[in-house]
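Line by line, the protein sequences are chains D and C. Just so you know, full-length UniProt numbering puts 19 at position 19 of the first sequence, and the rest follows in order with no gaps. Just so you know, full-length UniProt numbering puts 15 at position 15 of the second sequence, and the rest follows in order with no gaps. Ideal placement from N, C-alpha and C gives every residue a C-beta, glycine not left out. On a predicted model such as this, the values are computed, not experimentally measured, just so you know. The structure under discussion appears below in the form of structure tokens.
Number of protein chains: 2
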Amino acid sequence: MPDPKTGNDYDYILDDQVGYLMRQASQKHATIYQSLALQGLTATQFATLARLHEQGKCSQNQLGRLASMDVATIKGVVDRLRKKGYAIVEADPNDKRRSLISLTEQGLELVEAMFPVAHDITAKTLEPLTPAEQKKFVKLLRKLT
Amino acid sequence: MPDPKTGNDYDYILDDQVGYLMRQASQKHATIYQSLALQGLTATQFATLARLHEQGKCSQNQLGRLASMDVATIKGVVDRLRKKGYAIVEADPNDKRRSLISLTEQGLELVEAMFPVAHDITAKTLEPLTPAEQKKFVKLLRKLT
DNA sequence: CGAATTTTGTTCGTGTTAGTACGAAAGCAG
DNA sequence: CTGCTTTCGTACTAACACGAACAAAATTCG
Chain D
1 MPDPKTGNDY
11 DYILDDQVGY
21 LMRQASQKHA
31 TIYQSLALQG
41 LTATQFATLA
51 RLHEQGKCSQ
61 NQLGRLASMD
71 VATIKGVVDR
81 LRKKGYAIVE
91 ADPNDKRRSL
101 ISLTEQGLEL
111 VEAMFPVAHD
121 ITAKTLEPLT
131 PAEQKKFVKL
141 LRKLT
Chain C
1 MPDPKTGNDY
11 DYILDDQVGY
21 LMRQASQKHA
31 TIYQSLALQG
41 LTATQFATLA
51 RLHEQGKCSQ
61 NQLGRLASMD
71 VATIKGVVDR
81 LRKKGYAIVE
91 ADPNDKRRSL
101 ISLTEQGLEL
111 VEAMFPVAHD
121 ITAKTLEPLT
131 PAEQKKFVKL
141 LRKLT
């Protein structure tokens, strides 16, 4: 609330803002992630591989939507995955606008090897919370998406 | 858990992972942020200005620590704030390694005008939750930082 | 049916955040 | 003075989003 004396003061605590706290929590998660991830895989790269594993071959745009990424973002991620040999990009014979993305043999092996690791990463991230708190947190977080 | 038949399947649901959910929640928050923020100020830029408002003049490194940013990140943020006329960088006469950062008159006005807006942004981000859930969420989030 | 419009998919450029690695300069402790 | 740390800068990679541009497909309309 405004200070009655000056009128331009405001009771604002940065450390109480969700945005600031989420940035900090994400930073901590990222640190845990990269300490455990295989082959230097980033969280977004793994999310992309996991979606490809789920859905199979699909267009770049669709893949971006599935993995909650902007079209420009998913392009960069796919480019890097292709360069590392985990994904293949080919032209769609039925729709010349589209490029079809799929996992390579290497990509398939990596994503399956990553599943238990990703599980550990989540567990370690949530470690400061009790099991009940962890459930509650994920439930609330899902409401905010 | 592994599939007893193939041995290489795994019960992994991307949409249950905290990292993935936090990324989505952060994306939503960022969208709300930029629709309401003054002068195209980003969340990190505002956090930096808010810390400067709290602490007054301080070194670039210290400011980075206060705002939870890497040294390379805070440099970029300070550069942009300076270019926009919201911050001033000067040399520390007592320690030639340091550069001292402070708010300009414009920066002071902007950050104070932003305080109530930032409050609204937080409120809108947490809108899907009940007041009790909001408190709980912030409490749990703080434990994860 | 065929032309015009709209939608969809991809790419590129720009700007911001984020972290790592390396090095230079300055301060400090032994 | 010698080593160690701190501070800052630069370069590089990754992620993220927006807007603009272009091509191709789908749809609408005459």
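Name, please, each residue of chain C whose Cβ falls closer than 8 Å to the Cβ of residue i.
i: T31 (chain D); result: The contacting residues do not exist; T31 (chain D) stays about 11 Å from chain C at best.
i: T145 (chain D); result: L21, Q24, A25 and K28
i: A43 (chain D); result: G19, Y20 and R23
i: L129 (chain D); result: L140, K143 and L144
Which whole-angstrom value is the C-beta distance of residue i and residue j, which I expect to be below 8 Å?
i: I101 (chain C); j: A91 (chain C); result: Not really, about 11 Å apart at Cβ, beyond 8 Å.
i: L52 (chain C); j: L103 (chain C); result: 5 Å
i: Y12 (chain C); j: F137 (chain D); result: Not quite, the Cβ-Cβ distance comes to about 19 Å (not below 8 Å), so this is no contact.
i: A30 (chain C); j: T145 (chain D); result: A30 (chain C) to T145 (chain D), Cβ: 13 Å. No contact.
i: G85 (chain C); j: Q60 (chain C); result: Between Q60 (chain C) and G85 (chain C) the Cβ distance is about 18 Å, and since that is not below 8 Å, they are no contact.
i: S68 (chain C); j: Q34 (chain D); result: Contact flag wrong, Cβ pair sits at about 17 Å.
i: L21 (chain C); j: I121 (chain C); result: That belief does not hold up - the Cβ atoms of L21 (chain C) and I121 (chain C) are roughly 20 Å apart, past 8 Å.
i: I74 (chain C); j: L63 (chain C); result: 6 Å
i: L126 (chain C); j: E133 (chain D); result: No, L126 (chain C) and E133 (chain D) are not in contact; Cβ-Cβ is about 18 Å, not under 8 Å.
i: I32 (chain C); j: K135 (chain C); result: The pair is not a contact, with the Cβ atoms about 20 Å apart (cut-off 8 Å).
i: V89 (chain D); j: V78 (chain D); result: 7 Å
Along chain D, which residues have their Cβ under 9 Å away from the Cβ of residue i?
i: K124 (chain C); result: By Cβ distance, chain D contributes nothing, its closest Cβ being about 10 Å from K124 (chain C), past 9 Å.
i: D16 (chain C); result: T122, V138 and R142
i: E105 (chain C); result: What E105 (chain C) touches in chain D: nothing, since even the nearest Cβ is about 13 Å away.
Where DSSP assigns a beta bridge to residue i, which residues make up the other side?
i: L144 (chain C); result: L144 (chain C) pairs with nothing; no bridge assigned.
i: E90 (chain D); result: D:L100
i: S59 (chain C); result: C:L100
What in chain C is Cβ-close to residue i, meaning under 7 Å?
i: R142 (chain D); result: L21
i: A47 (chain D); result: L14 and Y20
Give me the chain D residues within the contact set of residue i, using Cβ-Cβ distance strictly less than 8 Å, ordered along the chain.
i: D12 (chain C); result: Reading off the sequence shown, one finds Tyr at residue 12 (chain C), where the question assumed Asp. Simply A50, F115, A118 and H119.
i: E133 (chain C); result: L140 and K143
Please list the partners that residue i has in chain D, where partner means a Cβ-to-Cβ separation under 7 Å.
i: P93 (chain C); result: Here the premise fails: no neighbours, minimum Cβ distance about 29 Å.
Inset, instruction - Decide if the segment 11-18 of chain C is in contact with the segment 36-54 of chain C; the criterion is three or more beta carbon pairs, one per stretch, under 8 Å apart. - result: no
Legend entry - Stretch-stretch touch, CB-based, cutoff 8 Å, three pairs: the segment 104-111 of chain C with the segment 27-46 of chain C: yes
Inset, instruction - For the segment 60-72 of chain C, enumerate the residues whose C-beta is nearer than 7 Å to any C-beta of chain D, in chain order. - result: S68
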